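What follows is a set of notes on a single structure, which appears directly below.
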Ligand code: GAR
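Numbering (my numbering), first residue to last: 271 to 463.
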């Protein structure tokens, strides 16, 4: 199916979301974002969505039935594919089942390294630096019932410099890799789903 209806889930800044918004607006993608959903009311990703007139929905994770609400919101917006773009909450198995093969995630490491419980956001880069790794990168993968375990769609690496801090490494991986491979992965799947 070309021109997918994307539902993007964010928990923070949403710079990866922005890369999808930009690619859809400049014609690099045929897909469109039909809703952006967050478990964090103050997530800047919601603001980015509003600026582009995309429905921006906050769902309080403390309310009962959070996972059901999330699934219903995606279905109400007729979402074909779910994109986890810095969504830092474990995905419920019913959502994985309902969107089997149609949920992707971006993770800031060379999976399977530095994936799984506790490895998210800046913590991934802290661990990479602490271990003295010479290279790191990012991975876009399908989401299955595990944490960061689904099949890889795209992965790209870069060199870790002596002088890198977790913050500088995070920024380079975001701008040089994540913002590109996320859009490329969606473009790949546009032709396949
Ligand atoms: C990104 O680096 C993304 O890979 C990571 O959170 C950051 C969100 O940045 N995701 C994970 O760690 C998932 N386990 P953004 O809000 O600016 O897109």
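C-beta: ideal position from N, C-alpha, C; glycine also. None of the values given here were measured: they were computed from a predicted structure.
Contact check, residue 351 vs residue 318, beta carbons under 7 angstroms: Translated into the one-based positions of the chain shown, residue 351 becomes position 81. Translated into the one-based positions of the chain shown, residue 318 becomes position 48. Taking 7 angstroms as the Cβ cut-off, residue 351 and residue 318 do not qualify as a contacting pair.
Sequence ranges, alpha helix (DSSP H) only - wholly within the region 384-426, length at least 4: 392-400
Heavy atom of ligand 1 within 6 angstroms of residue 309 beta-carbon: Looking up residue 309 in the chain shown gives position 39. No, ligand 1 has no heavy atom inside 6 angstroms of this Cβ.
Segment contact, 8 angstroms Cβ cut-off, at least three pairs: the region 385-398 with the region 336-351: no
Collapsed DSSP secondary structure at residue 312 in the structure displayed: Within the chain shown, the letter at position 42 stands for residue 312. Residue 312: coil per DSSP, three-state reduction.
Same chain only: Cβ atoms within 6 angstroms of residue 282, ignoring 5 sequence neighbours per side: Along the chain shown, one-based indexing puts residue 282 at 12. Only 313 and 356 meet the Cβ criterion.
Residues bridged to residue 326 (per DSSP): As a working note, residue 326 is residue 56 in the chain shown. Its beta-bridge partners are 306.
Residue 319 beta carbon near ligand 1 (any heavy atom closer than 6 angstroms): Along the chain shown, one-based indexing puts residue 319 at 49. No, ligand 1 has no heavy atom inside 6 angstroms of this Cβ.
Heavy atom of ligand 1 within 6 angstroms of residue 289 beta-carbon: Position 19 of the chain shown, counting from 1, holds the residue named residue 289. Every heavy atom of ligand 1 is 6 angstroms or more from the Cβ of residue 289, so no.
Residue 378 Cβ short of 6 angstroms to ligand 1 heavy atom set: In the chain shown, residue 378 corresponds to position 108, counting from 1. Yes, the beta carbon of residue 378 sits closer than 6 angstroms to at least one heavy atom of ligand 1.
Start-to-end residues for the beta strand (DSSP E) that takes in residue 276: Taking the chain shown and counting its residues from 1, the one referred to as residue 276 is at position 6. Residues 275-280.
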